[in-house]
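Residue numbers (my numbering): 89 to 351.
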């Protein structure tokens with residue numbers, strides 16, 4: 089598990105970047121991070137992807153720059169030397185003009201994420217991160233902005249991603265490597281639950297209660313059947329699942345590619 093005292097190094101941030109170039113219209117992004125190495129690595133990543141980038145190393149500087157410059161998106165760390173990222177987000181959200189805010193931080197506790205979203209962040213990502221995943225999130229945000237009325241908030245519309253799987257909850261749509269796939273209602277609910285809690289192990293009884301309800305009186309093996317069907321639709325090799333795995337004696341968990349690589 090990452091901590092703020094163990095931020096990603098430049099090689100971590102840029103891992104795999106040279107093989108993955110992105111072409112898109114130039115957007116203006118403000119990076120807010122007091123770690124010079126992280127900010128520099130992010131600037132290299134985003135510039136390589138075609139974005140215009142500015143950097144602020146303190147919360148007060150971020151507020152000042154955001155007030156004087158029209159940014160298309162803000163990448164915001166939480167632990168800053170003066171005012172923290174939560175307060176930066178609160179202040180910016182008091183302004184009439186809307187700008188998407190993505191919190192990118194080493195603080196990975198559920199309460200941190202909840203507080204970040206409640207203060208107005210559209211997305212909360214943790215360090216260390218996979219560069220391609222960050223770029224995919226940014227691309228999705230700007231794609232949504234292009235189809236939203238001015239000032240529309242995006243956090244309810246953003247997709248949840250795990251490796252090749254993307255889930256758009258507002259549209260009840262799931263894509264595998266960019267192609268739509270058909271899921272039954274229960275398969276969809278199972279996938280959504282796992283993708284909302286990556287890495288968490290769910291026992292069979294817990295899944296029955298969460299997905300089928302407390303009054304379900306059928307065979308508990310129905311969970312296994314539905315998970316087998318779900319694996320057949322999202323795994324490259326369902327007989328050796330890499331995303332939706334069995335934790336023997338405990339249940340099932342969704343393993344993200346970055347978590348798998350770190351282990």
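For glycine and all other residues, C-beta sits at the position ideal for the given N, C-alpha and C.
| Item | Value |
| --- | --- |
| Using DSSP with H/G/I as helix, E/B as strand and the rest coil, what is residue 109? | With a pLDDT of 46 at residue 109, under the threshold of 50, the predicted position of this residue should be treated as unreliable, though the coordinate-derived value follows. Three-state result, residue 109: coil. |
| Note down the Cα distance separating residue 290 from residue 338, rounded to an integer number of angstroms. | 7 Å |
| Quick check: the segment 145–154 against the segment 119–137, are at least 3 beta-carbon pairs closer than 8 Å? | yes |
| Using DSSP with H/G/I as helix, E/B as strand and the rest coil, what is residue 161? | strand |
| Counting C-beta neighbours from all protein chains within 10 Å, is the total for residue 165 16 or more, i.e. buried, or is it exposed? | buried |
| Can you give me the Cβ contacts of residue 247 inside the same chain, cut-off strictly under 7 Å, excluding the 5 residues immediately before and after it? | 228, 254, 255, 256 |
| With DSSP run on the structure shown, which of helix, strand or coil describes residue 147? | helix |
| Does the beta-carbon of residue 112 have 16 or more other beta-carbons within 10 angstroms, so that it is buried, or is it exposed? | Note that residue 112 has pLDDT 47, beneath the 50 cutoff, so the model's placement of it is unreliable and the number below is only indicative. Classification for residue 112: exposed. |
| Any idea what DSSP makes of residue 324, helix, strand or coil? | coil |
| Determine the DSSP secondary structure at residue 267, reduced to helix, strand or coil. | strand |
| Can you tell me which of 136, 311, 287, 192 puts its alpha carbon nearest to the alpha carbon of residue 276? | 311 |
| CA-CA distance, residue 332 and residue 200? | 26 Å |
| Which whole-angstrom value describes the C-beta separation of residue 152 and residue 174, a residue pair presumed to lie in contact below a C-beta threshold of 8 Å? | With 8 Å as the limit, residue 152 and residue 174 do not qualify as a contact, their Cβ atoms being about 18 Å apart. |
| Which one or two residues does DSSP pair with residue 140 in a beta bridge? | 116 |
| So residue 212 is in the beta strand (DSSP E); what residue range does that whole segment cover? | 211–214 |
| According to DSSP, which residues form a beta bridge with residue 254? | 249, 263 |
| State the start and end residues of the unbroken beta strand (DSSP E) segment that holds residue 339. | 339–342 |
| Is it true that the segment 310–326 meets the segment 263–278, where meeting means three or more beta-carbon pairs spaced less than 8 Å apart? | yes |
| Nearest to residue 258 by alpha carbon, out of 266, 232, 154, 274? | 232 |
| What are the boundary residues of the beta strand (DSSP E) that residue 171 is part of? | Premise fails: residue 171 is in no beta strand (DSSP E) and is neither H nor E. |
| Would DSSP call residue 299 helix, strand or coil? | helix |
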